[in-house]
Amino acid sequence: MSIAPDSQKLLETDAVIIGAGPVGLFQAFQLGLQEVSCQIVDALPHAGGQCVELYADKPIYDVPGIPVCSGRELAERLQQQLAPFRTPLHLGQQVESLAQLGDGRWRLQTSSGQVLLARAVIIAAGVGAFVPRRVAIGGLSAFEGSQVHYYQVEAAKLEGQRVVVMGGEDAALETALQLAGSGQCASVTLLHRNSKFKATPALEQALQQAVAEGKLTLRTGQPVGLQQSADGQRLKALELAVDDEHTETLALDALLPRLGLSPKLGPIANWGLAMERKLLTVDPATLATDLAGVYAVGDICHYPGKRKLLLCGFHEATMAAFAISAYLRPEQRQLLQYTTTSPRLHELLGVAGNLART
27 MSIAPDSQKL LETDAVIIGA GPVGLFQAFQ LGLQEVSCQI VDALPHAGGQ CVELYADKPI
87 YDVPGIPVCS GRELAERLQQ QLAPFRTPLH LGQQVESLAQ LGDGRWRLQT SSGQVLLARA
147 VIIAAGVGAF VPRRVAIGGL SAFEGSQVHY YQVEAAKLEG QRVVVMGGED AALETALQLA
207 GSGQCASVTL LHRNSKFKAT PALEQALQQA VAEGKLTLRT GQPVGLQQSA DGQRLKALEL
267 AVDDEHTETL ALDALLPRLG LSPKLGPIAN WGLAMERKLL TVDPATLATD LAGVYAVGDI
327 CHYPGKRKLL LCGFHEATMA AFAISAYLRP EQRQLLQYTT TSPRLHELLG VAGNLART
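Quick note: the sequence shown uses my numbering, first residue 27, plus one each step.
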């Protein structure tokens, strides 16, 4: 569907990448080498995608040239690699609409109201946008971002506060233990609906030790309501159902629900793209979808022989970058340049004059 640009201030760029996971970050790097400007949008408040949300401190062994690194380390290295191109990242917002203008460009609008115009779009959304599972208590959403934090928050921002971490899996235990170990919070309480956890034995052992040492409090119960200040501006406590007949009050200053993340394809499913088993079908030679100027890389794309591995995603990003460069500049002959020897690539990367001496 073609629409005309509106009067809202727009950000214009050659390409927009949807997804700031490892493949999305490497896609931006490869586009930079092709001198294609781009901007990145991600629903999470930080770069790294699934690697940071699910494997932040867990080892990854199959990245070429890196015997082992954590998900967080990989994301940091990819951002360091991308740094010379100063690629803008629009984090904590989801692309809600994608529509083609009369001149062939694509108009994207995010959940924050940001509008971007681009000639090419690369969908690197993995298995979809990671959305945290919400606590089903009426009125709690009003405190999101101020006292209720579904995403990672630095301990320094919780200094002197009574913090309640909610959940029974690895993420909840890890968060509670890290905050308790920081010594910056007035108190740390781990709240779970019962005394049975779905966490690794080492984490459960560390939890019990922290409780025994008085560094952390463990409470069981199901939140059924909340208490707020008289003016409604502050969350004061949760009301917990501890059994069928009794409720208790749990005072707090900050609530950190860690109930898991649910990947959702979201609006992408409504953009008219050809799909197979909820994956975007692409040409493996170019990673192009069936819509001109729209590409897909990483776990979200499908073609015969596809393997959902980081290495494959990095390869797809490279192939897509060359294809996008050719699509945007059909009159220009493409040159295969090597970062080892190309003066132009050295200039782009800010390493001109640093040629290795032999």
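Even for Gly, the Cβ is constructed at its ideal location relative to N, Cα and C.
Distances from the CA of L124 to each of V89, K222, G319 and F340 were compared; the closest alpha carbon is that of G319.
It is roughly 16 Å from the alpha-carbon of A197 to the alpha-carbon of L242. Cβ atoms of L100 and P48 come within 8 Å of each other, at about 6 Å. Here E79 carries a helix assignment [DSSP, helix/strand/coil]. Pairwise C-beta distances place the segment 215 to 224 out of contact with the segment 301 to 316, as fewer than three of them are shorter than 8 Å. Three or more pairs of CB atoms, one per stretch, sit closer than 8 Å, so the segment 163 to 182 contacts the segment 278 to 288. Minimum Cα-Cα distance from V147 among the listed residues G154, I43, L217 and R98 corresponds to I43. Nearest to T365 by C-alpha distance, out of L375, T113, Q248 and Q140, is L375. In terms of CA proximity to D309, Y329 leads the group Y329, G292, K290 and I294.
In summary, R303 is exposed, with fewer than 16 beta-carbon neighbours lying within 10 Å of its beta-carbon over all protein chains present. The Cβ-Cβ distance between R145 and D40 falls below 8 Å. Between the alpha carbons of G165 and D269 lies a distance of about 23 Å. Straight across, the Cα-Cα distance linking A232 with L216 is about 13 Å.
In this structure, K84 and G97 form a Cβ contact; the two beta carbons are roughly 6 Å apart against a cut-off of 8 Å.
Membership of A352 in the alpha helix (DSSP H) is indicated by the continuous run L336 to L354. Boundaries of the beta strand (DSSP E) harbouring E122: V121 to L127, taken from the DSSP string. Contact between T113 and Q65 holds, with the beta-carbon distance rounding to 7 Å and staying under 8 Å. Remark: fewer than three beta-carbon pairs, one from each stretch, lie closer than 8 Å, so the segment 350 to 370 and the segment 324 to 341 are not flagged as touching. For the segment 42 to 109, the continuous alpha helix (DSSP H) assignments of 4+ residues that do not extend past its boundaries occur at 48 to 59, 75 to 81 and 97 to 108, in sequence order. In this structure, the straight-line span from the alpha carbon of Q140 to that of L70 is close to 15 Å. DSSP places P249 in the uninterrupted beta strand (DSSP E) bounded by Q248 to Q254. Bounds of any beta strand (DSSP E) do not take in Q178, whose DSSP letter is neither H nor E. One thing to note: E38 has its Cβ no nearer than 8 Å to the Cβ of L104. Beta-bridge partners of P158 (DSSP): L287. G186 and V237 have their C-alpha atoms spaced approximately 19 Å apart. Around the beta carbon of A150, 16 or more other beta carbons sit within 10 angstroms, so the residue counts as buried. L205 and E342 have their alpha carbons spaced roughly 39 Å apart. With a contact defined as Cβ atoms closer than 8 Å, T307 and A346 miss out at about 14 Å. Looking at the backbone, the Cα of W297 and that of E61 are separated by about 28 Å.
For L374, no beta strand (DSSP E) segment is defined; the enclosing uninterrupted segment is the alpha helix (DSSP H) at P369 to L375. If you draw a straight line from the Cα of A168 to the Cα of Q254, it comes to about 11 Å. Shown here, L205 sits in a helix according to DSSP, grouped into three states. Note on geometry: alpha-carbon atoms of A263 and Q178 lie some 21 Å from one another.
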